[in-house]
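Chains as they are written, first to last, in our numbering: chain Z, 883 to 999; chain S, 642 to 754. Ideal Cβ positions, reconstructed from N, Cα and C, are used throughout, including at glycine. Each remark here refers to the structure printed beneath this line.
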């Protein structure tokens with residue numbers, strides 16, 4: 883069965899420091915992967931996605947993520963964190979044949995990011 | 642602007658009452674989804690629909706019901722059979738195929754006392 887693990891429940895970084903949020907997935911085939919961000923009381927916003935091709939993907943707000951098949955990981959990174967990045971971050975893996983109309987996403991439990999000024 | 646509208650933002654109900662959460666989208670997406678979010682548990686899929694008049698159960702469908710009579714609308718009813726209904730509910734939609742990203746509404750916080 884598909885699953886997503888975000889090992890860090892809560893991460894605290896200082897403003898201007900670099901950030902890496904970890905995500906590991908379990909899926910038999912080549913997955914499609916997403917990172918979403920959620921501000922308190924709001925819905926989720928897509929940061930970036932990996933479908934195929936270049937394993938380093940760029941997203942919005944200066945975020946990037948790298949797909950490593952050998953490690954079943956899709957870690958999210960940002961070189962310099964801003965106070966406005968404080969939020970909850972969710973990794974998700976898609977299940978289903980590529981191009982198929984069938985399928986759904988499986989979400990990790992989220993990582994809460996706190997940014998110190 | 643296109644998007645997903647969930648209403649109301651906050652909803653309060655007495656135990657034993659059914660309650661319906663609204664979700665409307667004008668993105669012309671075929672697929673729509675309902676997720677439940679509880680602190681520390683991420684998002685759990687309740688129901689999803691990929692075509693009008695058809696829907697599938699997700700991981701936690703017990704105590705919930707849905708309908709998909711129109712492409713734009715996917716209301717969720719939380720029935721009195723749901724044992725712990727207090728939660729944050731998120732509606733989402735996407736294009737097909739299934740690898741398309743989800744677009745989320747801003748959620749409805751339901752409190753049942």
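Using 10 angstroms around the beta-carbon of residue i, count the other beta-carbons present and answer buried if the total reaches 16, otherwise exposed.
{"i": "residue 982 of chain Z", "result": "Confidence at residue 982 of chain Z is low in this model, with a pLDDT of 49, below 50, so the placement of that residue is unreliable and no value is reported for it."}
{"i": "residue 892 of chain Z", "result": "exposed"}
{"i": "residue 937 of chain Z", "result": "exposed"}
{"i": "residue 993 of chain Z", "result": "buried"}
{"i": "residue 651 of chain S", "result": "exposed"}
{"i": "residue 749 of chain S", "result": "buried"}
{"i": "residue 970 of chain Z", "result": "buried"}
{"i": "residue 953 of chain Z", "result": "exposed"}
{"i": "residue 942 of chain Z", "result": "exposed"}
{"i": "residue 679 of chain S", "result": "exposed"}
{"i": "residue 658 of chain S", "result": "exposed"}
{"i": "residue 681 of chain S", "result": "exposed"}
{"i": "residue 647 of chain S", "result": "buried"}
{"i": "residue 934 of chain Z", "result": "exposed"}
DSSP on residue i, reduced to helix/strand/coil?
{"i": "residue 663 of chain S", "result": "strand"}
{"i": "residue 712 of chain S", "result": "coil"}
{"i": "residue 967 of chain Z", "result": "helix"}
{"i": "residue 908 of chain Z", "result": "strand"}
{"i": "residue 976 of chain Z", "result": "strand"}
{"i": "residue 701 of chain S", "result": "coil"}
{"i": "residue 991 of chain Z", "result": "coil"}
{"i": "residue 924 of chain Z", "result": "coil"}
{"i": "residue 647 of chain S", "result": "strand"}
{"i": "residue 952 of chain Z", "result": "helix"}
{"i": "residue 943 of chain Z", "result": "helix"}
{"i": "residue 957 of chain Z", "result": "strand"}
{"i": "residue 737 of chain S", "result": "coil"}
{"i": "residue 902 of chain Z", "result": "strand"}
{"i": "residue 728 of chain S", "result": "strand"}
{"i": "residue 744 of chain S", "result": "strand"}
Give the interface partners of residue i over in chain S, defined as CB-CB distance under 7 Å, in chain order.
{"i": "residue 914 of chain Z", "result": "740"}
{"i": "residue 931 of chain Z", "result": "742"}
Nearest-angstrom Cα distance between residue i and residue j?
{"i": "residue 676 of chain S", "j": "residue 900 of chain Z", "result": "31 Å"}
{"i": "residue 895 of chain Z", "j": "residue 995 of chain Z", "result": "8 Å"}
{"i": "residue 914 of chain Z", "j": "residue 908 of chain Z", "result": "12 Å"}
{"i": "residue 930 of chain Z", "j": "residue 674 of chain S", "result": "20 Å"}
{"i": "residue 973 of chain Z", "j": "residue 729 of chain S", "result": "19 Å"}
{"i": "residue 986 of chain Z", "j": "residue 960 of chain Z", "result": "27 Å"}
{"i": "residue 956 of chain Z", "j": "residue 946 of chain Z", "result": "10 Å"}
{"i": "residue 962 of chain Z", "j": "residue 897 of chain Z", "result": "7 Å"}
{"i": "residue 944 of chain Z", "j": "residue 740 of chain S", "result": "23 Å"}
{"i": "residue 758 of chain S", "j": "residue 707 of chain S", "result": "What the structure shows of chain S is the stretch from 642 to 754, and residue 758 of chain S is not part of that stretch, so it cannot be assessed."}
{"i": "residue 744 of chain S", "j": "residue 926 of chain Z", "result": "8 Å"}
{"i": "residue 928 of chain Z", "j": "residue 991 of chain Z", "result": "16 Å"}
{"i": "residue 715 of chain S", "j": "residue 726 of chain S", "result": "18 Å"}
{"i": "residue 738 of chain S", "j": "residue 999 of chain Z", "result": "42 Å"}
{"i": "residue 742 of chain S", "j": "residue 668 of chain S", "result": "13 Å"}
{"i": "residue 699 of chain S", "j": "residue 966 of chain Z", "result": "33 Å"}
So residue i contacts chain Z; which residues on that side make the cut at Cβ distance below 7 Å?
{"i": "residue 653 of chain S", "result": "Ordered by position in chain Z, no residue passes the 7 Å Cβ test against residue 653 of chain S, which lies about 16 Å from the chain."}
{"i": "residue 746 of chain S", "result": "925"}
{"i": "residue 689 of chain S", "result": "986"}
Applying a beta-carbon distance threshold of less than 9 Å, which residues of chain Z neighbour residue i?
{"i": "residue 586 of chain S", "result": "As shown, chain S starts at 642 and ends at 754. That puts residue 586 of chain S outside it, with no answer to give."}
{"i": "residue 743 of chain S", "result": "916, 918, 926, 928, 974 and 987"}
{"i": "residue 686 of chain S", "result": "986, 987, 988 and 989"}
Who are the neighbours of residue i on chain S, taking C-beta pairs under 8 Å?
{"i": "residue 949 of chain Z", "result": "Result: empty, since nearest Cβ-Cβ is about 14 Å, beyond 8 Å."}
In chain Z, which residues lie less than 8 Å from residue i when you measure between Cβ atoms?
{"i": "residue 705 of chain S", "result": "None at all; the shortest Cβ gap to chain Z is about 16 Å."}
{"i": "residue 731 of chain S", "result": "925 and 926"}
**Study point:** the segment 918–926 of chain Z touching the segment 654–670 of chain S, judged by at least three CB pairs closer than 8 Å
**Key:** no
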